[in-house]
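For the sequence shown, the working numbering assigns the number 72 to the initial residue and increments by one for each residue that follows.
A virtual CB, placed ideally from N, CA and C, is assigned to each residue, including glycine.
Since the model is a prediction, treat every value here as computed from it, not as a measurement.
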Amino acid sequence: MEYFLEKILEKFKKVKRVFSEEAMYAFMNYDWPGNIRELQNMIEIAVALSKSEIMNIDELPLPVTVEEFVALSRNP
Numbered sequence: 072m073e074y075f076l077e078k079i080l081e082k083f084k085k086v087k088r089v090f091s092e093e094a095m096y097a098f099m100n101y102d103w104p105g106n107i108r109e110l111q112n113m114i115e116i117a118v119a120l121s122k123s124e125i126m127n128i129d130e131l132p133l134p135v136t137v138e139e140f141v142a143l144s145r146n147p
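This is the structure:
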């Protein structure tokens with residue numbers, strides 16, 4: 072995930088961005104049924120739209136609601 076984030080930051084010429092702890096936990100534990108491309112696309116959209124250094128879960132372009140995303144990431 073860090074690899075994609077760094078690559079995308081370079082692509083958009085953005086200063087450092089990080090995911091909040093909650094967002095990182097959800098990303099790492101979500102099943103990603105669309106495979107690694109879905110993860111990469113979501114990170115790219117988040118970086119492109121982000122206005123602050125810390126990207127929180129409620130600011131992410133999630134494929135489901137925040138509540139569903141968090142629930143899915145907690146129930147493998």
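Within the same chain, Ile-114, Glu-115 and Val-118 come within 7 Å of Ile-79 by CB-CB distance, once the 5 residues on both sides are set aside. With distances taken between CA atoms, Pro-132 lies nearest to Phe-98 out of Asp-102, Lys-85, Glu-124 and Phe-98.
Apart from sequence neighbours up to five positions away, the residues of its chain that approach Phe-83 with a beta-carbon distance below 7 Å are Val-118 and Ala-119, ordered along the chain. Per the C-alpha coordinates, the member of Gln-111, Glu-124 and Met-72 positioned closest to Lys-87 is Glu-124. Look at Val-86 here: in three-state DSSP terms it is coil, with no helix or strand label.
Annotated as proximal: Ile-128 and Glu-93, with beta-carbon spacing under 7 Å.
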